[in-house]
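Protein chains in written order, with this note's numbering: chain E, 107 to 518; chain D, 430 to 668.
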């Protein structure tokens with residue numbers, strides 16, 4: 107019944123002591139702002155990680171040959187391992203029940219040239235279906251077709267970085283580029299991809315934008331192995347239909363390869379999804395810590411409110427006495443003072459929300475940290491600030507309500 | 430006896446000051462006040478009249494004895510019931526007015542009605558009406574700081590009247606006013622009494638007490654005399 111009056115009284119108090127109210131709110135303002143900013147930084151990091159792993163395919167298992175020295179290579183060959191081969195890939199597809207697609211690739215790093223320009227690129231020979239299970243978008247032209255693969259044609263698709271280095275803004279499609287001693291025709295250009303800045307599991311970090319894709323058949327025909335004992339292919343990417351079969355399938359793949367390689371562990375298995383989950387878990391702890399620190403500043407803000415409310419109650423003893431004399435019950439006085447502290451914390455909370463959003467945008471704008479504000483973080487921070495107002499306003503309000511009317515009405 | 434508005438029997442109030450030091454503020458008070466009476470309670474400071482006023486006004490409870498208000502034993506009530514009693518039955522008028530400085534005159538008068546749960550529209554209407562009864566209708570939007578002492582006390586009287594309480598309880602109502610304004614306030618009290626209100630004035634000033642129809646004197650916590658006023662001072666309208 108008297109909520110509107112209480113709110114009016116509280117707002118009146120705020121505007122009467124503008125500077126004091128502002129100082130009181132400061133703790134809440136910074137608390138809310140830091141909760142929002144911290145959570146937005148955490149969310150930004152999460153989204154960045156997801157994007158990174160999405161490129162590797164969340165339903166994929168990647169089998170990659172270990173980088174072995176000449177001596178090590180000789181040793182595994184002596185122990186009968188043939189190294190990764192197209193036969194391995196076919197075997198996996200045939201035996202593992204949850205695997206629906208498999209692609210193989212081999213690589214060599216070499217100079218790719220057009221006219222007087224030259225750029226160091228990784229030339230990747232791939233089997234058909236490569237873009238179906240790896241997250242590649244074609245910007246111009248088209249990706250390699252089955253016909254080109256079967257026909258062992260001398261065609262290539264350029265990564266965005268290589269295309270830019272060789273052709274600038276001009277269209278490379280239809281042009282001939284030279285790699286090694288071979289001339290290949292450009293049939294497509296890929297869209298730009300997220301640049302890996304750190305190693306993912308056993309996969310070395312490299313810029314996927316400098317890759318050049320050609321049919322694996324062509325690759326094996328035209329580019330002789332760099333070392334005599336080198337394996338046929340460097341990597342097998344296995345697509346699993348259901349992501350909850352990833353672990354099971356990876357165990358099965360290990361068994362298959364173990365048998366085929368005579369127990370030689372000359373390969374690594376990377377499951378991007380598992381790495382993502384693990385990274386997520388680590389980040390959760392980190393986020394929790396950040397959130398806890400921000401929450402502490404909210405609590406400190408609450409103590410500030412309590413402090414000023416205790417002083418306000420002292421100051422207004424006479425007013426409380428008058429209200430009690432004309433019929434206010436204890437709970438009316440309680441409600442009035444709790445409303446007042448909640449109004450302070452809500453006002454501080456709103457300013458904090460605005461500041462927090464601004465800070466997140468500033469962080470994104472001036473640093474290379476990605477931030478992302480989710481609605482729930484704003485709601486959490488704001489709700490928390492209101493709760494702080496109620497909790498820390500309770501004690502001063504209780505004090506006010508318990509003043510004896512007889513004494514407070516004559517308080518000078 | 431049964432038609433008494435207020436009936437006090439064997440009432441005492443003691444304060445334990447710690448140690449063996451017990452102060453008997455009121456001892457063995459017996460008092461009955463009927464509807465429509467105009468009573469003054471007089472006594473020097475320290476006589477216990479303020480303690481009596483606190484108990485009469487339901488601000489405090491007696492140590493022993495009974496205080497019946499319209500048959501209800503106030504000494505048995507809890508804090509909420511006492512608040513409600515003050516709200517409905519007691520109209521306080523204080524020496525220093527005790528208005529809330531941030532509220533306008535009409536908002537001050539509305540306050541008791543707010544605590545009584547009266548809806549805003551009716552509140553405003555009744556408060557304006559009460560201000561009219563003390564000739565302050567045009568000042569309703571002024572803050573106490575913009576009003577003279579006499580006007581402030583009249584706002585306080587309007588606030589006391591607005592809930593149509595059982596008694597008007599005035600504590601040194603002219604203590605902060607000059608003599609001319611004091612007479613005006615006493616004139617207003619006279620009119621309110623004529624209209625049927627029960628009025629109790631607590632004062633140390635015989636002048637103020639002389640307007641009442643019944644005079645009670647307190648000394649050392651006991652009623653020393655309780656008699657009709659034979660020389661009622663007639664308040665006249667001053668121009």
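Glycine included, each C-beta is placed from N, C-alpha and C at the ideal position.
- CA-CA distance, residue 437 of chain D to residue 454 of chain E, rounds to 53 angstroms.
- Rounded to whole angstroms, residue 453 of chain D and residue 647 of chain D show a C-alpha spacing of 13 angstroms.
- Residue 293 of chain E sits buried, since 16 or more C-beta atoms from the chains shown fall within 10 Å of its C-beta.
- Residue burial is scored here from C-beta neighbours: residue 581 of chain D has at least 16 other C-beta atoms within 10 angstroms and is therefore classed as buried.
- The C-beta distance from residue 134 of chain E to residue 433 of chain E rounds to 34 angstroms, too long to fall under 8 angstroms, and the pair is not in contact.
- Secondary structure remark: continuous alpha helix (DSSP H) runs of at least 4 residues inside the region 577-652 of chain D, in chain order: 578-590, 608-623 and 635-638.
- Cβ neighbours of residue 591 of chain D within its own chain (closer than 7 angstroms, five residues either side excluded): 538, 541, 542, 555, 556 and 559.
- Apart from the 5 residues on each side of it in sequence, residue 239 of chain E sits with its Cβ closer than 8 angstroms to the Cβ of 163, 165, 166, 207, 209, 343 and 345 in its chain, given in chain order.
- Put simply, of D/487, D/638, D/491 and D/523 the residue whose alpha carbon is nearest the alpha carbon of residue 517 of chain D is D/487.
- Contact note: residue 425 of chain E reaches chain D through 529, using a C-beta cutoff of 8 angstroms and chain order.
- Residue 231 of chain E: member of the beta strand (DSSP E) spanning 223-232, first to last residue.
- Annotation: Cβ neighbours of residue 521 of chain D in chain E (cutoff 8 angstroms, chain order): 431 and 432.
- The C-alpha of residue 376 of chain E lies about 11 angstroms from the C-alpha of residue 159 of chain E.
- As a beta-bridge residue in DSSP terms, residue 374 of chain E pairs with E/170.
- For residue 234 of chain E, same chain residues with a beta-carbon under 6 angstroms away, outside a window of 5 residues either side, are 252 and 255 in chain order.
- Annotation: residue 571 of chain D to residue 464 of chain E spans about 43 angstroms, alpha carbon to alpha carbon.
- Within the region 120-198 of chain E, complete alpha helix (DSSP H) segments of at least 4 residues are found at 124-162 and 176-184, given in chain order.
- Against chain E, the CB of residue 602 of chain D has no partner CB under 7 angstroms away; the residue lies outside that interface.
- Taking a Cβ-Cβ threshold of 8 angstroms, the residues of chain E close to residue 545 of chain D are 433, in chain order.
- Residue pairing for residue 497 of chain D: DSSP places it in a beta bridge opposite D/436 and D/502.
- Spatial neighbours of residue 237 of chain E in its own chain (CB-CB distance under 6 angstroms, excluding positions within 5 residues in sequence) are listed in chain order as 249.
- For the region 502-520 of chain D, residues whose beta-carbon sits nearer than 9 angstroms to a beta-carbon of chain E comprise 508, 509, 511, 512, 513, 514, 515, 516, 517, 519 and 520.
- Distance from residue 171 of chain E to residue 335 of chain E at the Cβ level is roughly 12 angstroms; contact not present, criterion being Cβ atoms closer than 8 angstroms.
- Assignment of beta-bridge partners to residue 445 of chain D by DSSP yields D/451.
- Bounds of the beta strand (DSSP E) holding residue 220 of chain E are 205-220.
- Judged by DSSP in its simplified three-state form, residue 469 of chain D adopts strand.
- Cβ-Cβ distances below 7 angstroms link residue 396 of chain E to 144 and 148 in the same chain, with the five nearest sequence neighbours on each side left out; the list follows chain order.
- Identification of residues in the region 622-652 of chain D having a C-beta nearer than 8 angstroms to some C-beta of chain E yields an empty set.
- In the DSSP annotation of this structure, the continuous segment of the beta strand (DSSP E) that includes residue 343 of chain E starts and ends at 341-346.
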